[in-house]
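Peer 1: Okay, so the sequence shown: first residue is 9 according to our numbering, each after it adds one.
Here a beta-carbon is modelled for each residue, glycine too, at the ideal position from N, C-alpha and C.
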Amino acid sequence: MDSTLHSNRTNRWKKRPINPPNCKAPFLTFFTILFCIVFFISYKSLFSPSIHQISTNSQSDLPLQCTATSTTGSLEKFLWYAPHSGFSNQLSEFKNAILMAAILNRTLIVPPVLDHHAVALGSCPKFRVLNANDLRFKVWTHSIELISERRYTSMADILDLSSLMSIAPVRFIDFRVFVSMWCEVNINLICSEDLSKHSSLIESLRQCGSLLSGLNGNVKNCLYASEEDCRMTVWTYQKDGEDGILDSFQPDDELKKKKRITFVRKRRDVQKTFGPGSEAGSASVLAFGSLFTAPYKGSESHIDIHESPRDRRIQSLIQKIEFLPFVPEIINSGKKFALQTIKAPFLCAQLRLLDGQFKNHWRATFQALKEKLDLLKEKGPLPIHVFVMTDLPRINWTGSYLGDLAKDSDAFKLFILGAEDKIVTDTAEKLVSTGQNAKFESLVNKLDGREKHCNPQSLPDILLFMEETVCSCARLGFVGTAGSTIAESIESMRKNSICLP
Ligand SMILES: *[C@@H]1O[C@H](CO)[C@@H](O)[C@H](O)[C@H]1NC(C)=O
Ligand SMILES: *[C@@H]1O[C@H](CO)[C@@H](O)[C@H](O)[C@H]1NC(C)=O
9 MDSTLHSNRT
19 NRWKKRPINP
29 PNCKAPFLTF
39 FTILFCIVFF
49 ISYKSLFSPS
59 IHQISTNSQS
69 DLPLQCTATS
79 TTGSLEKFLW
89 YAPHSGFSNQ
99 LSEFKNAILM
109 AAILNRTLIV
119 PPVLDHHAVA
129 LGSCPKFRVL
139 NANDLRFKVW
149 THSIELISER
159 RYTSMADILD
169 LSSLMSIAPV
179 RFIDFRVFVS
189 MWCEVNINLI
199 CSEDLSKHSS
209 LIESLRQCGS
219 LLSGLNGNVK
229 NCLYASEEDC
239 RMTVWTYQKD
249 GEDGILDSFQ
259 PDDELKKKKR
269 ITFVRKRRDV
279 QKTFGPGSEA
289 GSASVLAFGS
299 LFTAPYKGSE
309 SHIDIHESPR
319 DRRIQSLIQK
329 IEFLPFVPEI
339 INSGKKFALQ
349 TIKAPFLCAQ
359 LRLLDGQFKN
369 HWRATFQALK
379 EKLDLLKEKG
389 PLPIHVFVMT
399 DLPRINWTGS
409 YLGDLAKDSD
419 AFKLFILGAE
429 DKIVTDTAEK
439 LVSTGQNAKF
449 ESLVNKLDGR
459 EKHCNPQSLP
469 DILLFMEETV
479 CSCARLGFVG
489 TAGSTIAESI
499 ESMRKNSICL
509 P
């Protein structure tokens with residue numbers, strides 16, 4: 009429940025330079041460009057001269073971003089939110105964000121994959137979480153950092169959203185494209201070596217981010233920055249008689265006294281609160297804070313929307329987002345590793361041994377694996393092929409059950425994947441430079457009308473995603489670490505048979 013405990017691995021990024029030819033890799037990905045196409049049209053109407061005239065005359069006291077957007081109330085409306093913690097958390101928040109965007113009929117601003125625990129929320133059960141404005145500004149700052157350090161990967165680079173594209177109410181826009189438009193900056197210049205352009209750009213981005221995060225308050229028709237969080241709100245959708253009632257989980261008396269907590273947790277219908285007719289409903293941008301939720305003491309910590317019997321579109325969306333596969337590049341090379349390197353049927357062992365809560369449970373974690381392997385050993389044939397994914401470096405295996413397995417080469421043949429392995433780096437390179445992008449490039453140039461400096465300089469760390477894929481191909485079974493979100497994610501991939509041809 010404590011979101012800081014849901015983590016995967018450190019070091020999300022390797023500072024690994026790409027070979028020169030790949031530097032031509034277009035900075036914008038296929039999805040980004042899809043969004044650009046959509047956007048090119050809105051962009052022109054948003055900032056056409058006539059609109060600028062109206063806004064400068066009548067609303068000069070409003071922030072720049074709002075003067076343009078507030079006069080175009082009928083135009084596209086956006087949803088932003090603040091993901092955090094490890095990748096598994098970010099993924100579950102992304103799914104919730106898709107759901108919220110669909111319910112509220114807003115275009116979802118697709119965030120980057122944030123560095124592992126670069127941003128932390130805190131603990132909902134302990135009523136100790138970062139407030140939404142500060143959380144958003146942290147996420148903003150980190151996202152801009154990822155762009156300027158040229159190691160930005162969009163969630164849409166990792167996840168295959170194509171099955172959602174066919175569902176009418178879901179629309180996406182890349183964070184970078186949104187920032188370029190909303191902040192009226194050329195985000196690409198942030199990677200420019202020309203420092204004179206730099207400092208004013210950094211300053212306008214800081215101002216824009218602070219505004220968007222809600223640090224300056226809401227702006228009518230323009231921005232609604234929600235301050236609701238898991239301490240006070242559990243979101244529901246179309247549940248009769250639940251809007252406004254108290255949630256079953258409240259801070260207990262001891263906590264209230266000790267921490268002087270004043271929060272009262274209410275269940276609220278998200279559409280009634282933020283939909284048409286509400287103050288938020290008319291805002292061009294609606295910003296949520298964390299969209300993390302987890303079951304807790306018979307309730308949900310923040311979002312309790314698991315079905316929607318009266319809204320069939322949302323119902324089918326809920327089913328679709330339950331499992332979002334990785335992009336085909338990742339799936340295919342994970343399969344290839346299983347087929348061409350491991351070759352035989354194998355068992356997958358996912359062992360979380362170092363991070364946080366997992367440090368103290370080595371015995372239990374190894375016990376489950378030992379039981380499974382003893383069974384397989386009885387049945388034969390030997391050696392048993394085992395794919396191991398663990399955060400314990402190989403040099404540290406000695407003295408543990410893993411060390412014993414590695415020594416017993418008659419009975420076991422072990423396989424691991426490393427971030428530097430060619431199949432991993434090749435796949436990462438493929439992700440940042442696909443041929444698909446080339447044909448859209450001229451259009452992106454038109455949108456930007458300027459040179460690009462932000463071509464990726466290092467490869468995204470996709471090891472975890474590849475390992476999960478390999479594990480979903482393990483025909484002899486899967487042994488995971490109890491309580492690990494990675495294990496959950498592998499179980500769900502296996503259930504969805506992503507490894508079938
Ligand atoms: C949803 O938003 C789009 C574009 O912003 C708009 O054209 C459409 O009418 C909206 N749909 C509903 C059901 O409000
Ligand atoms: C792993 O081994 C290295 C080198 O022997 C050592 O410095 C490090 O502390 C070990 N780490 C763990 C988690 O045991």
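1. Tell me which residue opens and which closes the beta strand (DSSP E) that P468 is part of.
2. What number of angstroms, rounded off, separates the C-alpha of A288 from the C-alpha of I111?
3. Once DSSP output is grouped into helix, strand and coil, what is the label at C191?
4. Using 10 angstroms around the beta-carbon of N139, count the other beta-carbons present and answer buried if the total reaches 16, otherwise exposed.
5. Are the CB atoms of D202 and P333 nearer to each other than 7 Å?
6. Starting from R158, trace the beta strand (DSSP E) both ways and give me its first and last residue.
7. For the beta strand (DSSP E) containing Y232, list its first residue and its last residue.
8. Is H393 helix, strand or coil by DSSP?
9. Output the distance between the C-alpha atoms of K85 and L223, rounded to the nearest integer angstrom.
10. Would a C-beta distance cut-off of 7 Å place T489 and T373 closer than the cut-off?
11. State yes or no: is the C-beta of N113 nearer than 6 Å to some heavy atom of ligand 1?
12. Run through DSSP, which three-state label would R275 get?
13. Closer than 7 Å between the C-beta and any heavy atom of ligand 2: which residues qualify, listed along the chain?
14. So, helix, strand or coil for E250, using DSSP?
15. To the nearest angstrom, how far is it from the Cα of D429 to the Cα of C191?
16. A109 and L116 look like a contact to me (Cβ under 8 Å); what is the Cβ gap, rounded to whole Å?
17. Express the C-alpha separation of K280 and V147 in angstroms, rounding to a whole number.
18. Take the Cβ of E476 as the centre, count every other Cβ of all protein chains shown within 10 Å, and call the residue buried at 16 or more, exposed below.
19. Return yes when the Cβ of F366 is within less than 7 Å of the Cβ of V478, no when it is not.
20. Would you be able to state if there are at least three C-beta pairs under 8 Å between the region 122-141 and the region 232-250?
21. Does the region 128-137 come into contact with the region 204-217, if we say contact requires no fewer than three beta-carbon pairs (one atom in each stretch) closer than 8 Å?
22. Can you determine whether any heavy atom of ligand 1 sits closer than 6 Å to the C-beta of E475, and answer yes or no?
23. Please look up how many angstroms separate the CB atoms of L325 and E101, rounded, as I've assumed it's under 8 Å.
24. Inspect the CB distances between the region 307-324 and the region 375-395 and report whether three or more fall short of 8 Å.
25. Any idea if A33 is buried or exposed, counting beta-carbon neighbours within 10 angstroms, 16 or more meaning buried?
26. So with Cβ pairs under 7 Å, would you call A302 a contact of chain D?
27. Can you grab the Cα-Cα spacing for the pair P353 / P119, in whole Å?
28. Is F296 closer than 7 Å to Y160 when the C-beta atoms are compared?
29. Would you mind sorting L508 into buried or exposed? The rule is 16 or more other CB atoms within 10 Å of its CB.
30. So, with DSSP's three-state summary, where would you put L122?
31. According to DSSP, simplified to helix, strand and coil, what is A495?
32. Quick one: is the Cβ of E84 within less than 6 Å of any heavy atom of ligand 1?
33. How would you call Q375, buried or exposed, if buried means at least 16 neighbouring beta carbons within 10 angstroms?
34. Sorted by chain position, which residues of the same chain lie with C-beta nearer than 8 Å to Y245's C-beta, five sequence neighbours on each side aside?
35. Pull the bridge partners of I311 from the DSSP assignment, please.
36. When you compare the CB positions of L471 and V432, do they come within less than 7 Å of one another, or not?
Peer 2: By the coordinates alone:
1. To locate residue 468, count along the sequence shown from 1; it is residue 460. Its beta strand (DSSP E) spans residues S466 to P468.
2. Within the sequence shown, the letter at position 280 stands for residue 288. Within the sequence shown, the letter at position 103 stands for residue 111. Answer to the nearest angstrom: the Cα atoms are 14 Å apart.
3. By one-based count along the sequence shown, residue 191 stands at place 183. C191 falls in the coil class under three-state DSSP.
4. In the sequence shown, the residue the question calls residue 139 occupies position 131. Using a 10 angstroms sphere on the CB of N139, the tally of other CB atoms stays under 16, which defines it as exposed.
5. Counting from one through the sequence shown, the residue named residue 202 turns up at place 194. Counting from one through the sequence shown, the residue named residue 333 turns up at place 325. No, these two residues do not count as a Cβ contact at 7 Å.
6. The count along the sequence shown starts at 1 and reaches residue 158 at position 150. Where R158 is concerned, there is no enclosing beta strand (DSSP E), given that its DSSP letter is neither H nor E.
7. For the purposes of this step, residue 232 is identified with residue 224 of the sequence shown, where counting begins at 1. Element bounds for Y232: L231 to A233.
8. Position 385 of the sequence shown, counting from 1, holds the residue named residue 393. Note: H393 maps to strand in three-state DSSP.
9. To locate residue 85, count along the sequence shown from 1; it is residue 77. To locate residue 223, count along the sequence shown from 1; it is residue 215. Taking the straight line from one Cα to the other gives about 20 Å.
10. The residue given as residue 489 occupies position 481 in the sequence shown. The residue given as residue 373 occupies position 365 in the sequence shown. Yes, these two residues count as a Cβ contact at 7 Å.
11. Translated into the one-based positions of the sequence shown, residue 113 becomes position 105. Yes, ligand 1 has a heavy atom inside 6 Å of this Cβ.
12. Indexing the sequence shown from 1 puts residue 275 at position 267. In the displayed model, R275 falls within a strand according to three-state DSSP.
13. L362, L400, P401, I403 and N404
14. Here residue 250 refers to the residue found at position 242 when the sequence shown is read from its first residue. Here E250 sits in coil by DSSP.
15. To locate residue 429, count along the sequence shown from 1; it is residue 421. To locate residue 191, count along the sequence shown from 1; it is residue 183. Taking the straight line from one Cα to the other gives about 40 Å.
16. Here residue 109 refers to the residue found at position 101 of the sequence shown. Here residue 116 refers to the residue found at position 108 of the sequence shown. Going by Cβ atoms, the distance from A109 to L116 rounds to 4 Å, so yes, they are a contact pair.
17. Locating residue 147 in the sequence shown gives position 139, counting from the first residue. Locating residue 280 in the sequence shown gives position 272, counting from the first residue. For V147 and K280, the distance between alpha carbons rounds to 27 Å.
18. Here residue 476 corresponds to residue number 468 of the sequence shown, with the count starting at 1. Counting C-beta atoms within 10 angstroms of its own C-beta, E476 has 16 or more neighbours from the protein chains shown and is therefore classed as buried.
19. Reading the sequence shown from its first residue, position 470 is the one you call residue 478. Reading the sequence shown from its first residue, position 358 is the one you call residue 366. No. Outside cutoff.
20. yes
21. no
22. For the purposes of this step, residue 475 is taken as residue 467 along the sequence shown, with counting starting at 1. E475 Cβ: outside cutoff for every heavy atom of ligand 1.
23. Your numbering for residue 325 matches position 317 in the sequence shown. Your numbering for residue 101 matches position 93 in the sequence shown. Distance from L325 to E101 at the Cβ level is roughly 16 Å; contact not present, criterion being Cβ atoms closer than 8 Å.
24. no
25. In the sequence shown, the residue the question calls residue 33 occupies position 25. Only weak support exists for where A33 lies, its pLDDT of 36 falling under 50; the value from the coordinates is given anyway. Counting Cβ neighbours within 10 Å, A33 comes out buried, since at least 16 surround it.
26. Of the protein chains in the structure, only one exists, and it is not chain D.
27. On the sequence shown, position 345 is the one that residue 353 refers to. On the sequence shown, position 111 is the one that residue 119 refers to. Near 38 Å, if we compare the C-alpha coordinates of P119 and P353.
28. In the sequence shown, the residue the question calls residue 160 occupies position 152. In the sequence shown, the residue the question calls residue 296 occupies position 288. Cβ distance not < 7 Å, so Y160 and F296 don't count as in contact.
29. Counted from its first residue, the sequence shown places residue 508 at position 500. Exposed.
30. Indexing the sequence shown from 1 puts residue 122 at position 114. In this structure, L122 counts as coil in the three-state DSSP scheme.
31. Reading the sequence shown from its first residue, position 487 is the one you call residue 495. Correct three-state label for A495: helix.
32. Walking along the sequence shown from the start, residue 84 turns up at place 76. It does: the Cβ of E84 is within 6 Å (strictly closer) of some heavy atom of ligand 1.
33. Reading the sequence shown from its first residue, position 367 is the one you call residue 375. Result: exposed.
34. Sequence index remark: in the sequence shown, residue 245 carries index 237 (1-based). Contacts found: I111, D277, V278, Q279, I313, S316, D319 and I322.
35. Start at 1 with the first residue of the sequence shown, and residue 311 comes out as number 303. Paired residues: W243.
36. Taking the first residue of the sequence shown as position 1, residue 471 is located at position 463. Taking the first residue of the sequence shown as position 1, residue 432 is located at position 424. Judged by beta-carbon spacing, V432 lies within the 7 Å limit of L471, meaning their Cβ atoms are closer than that value.
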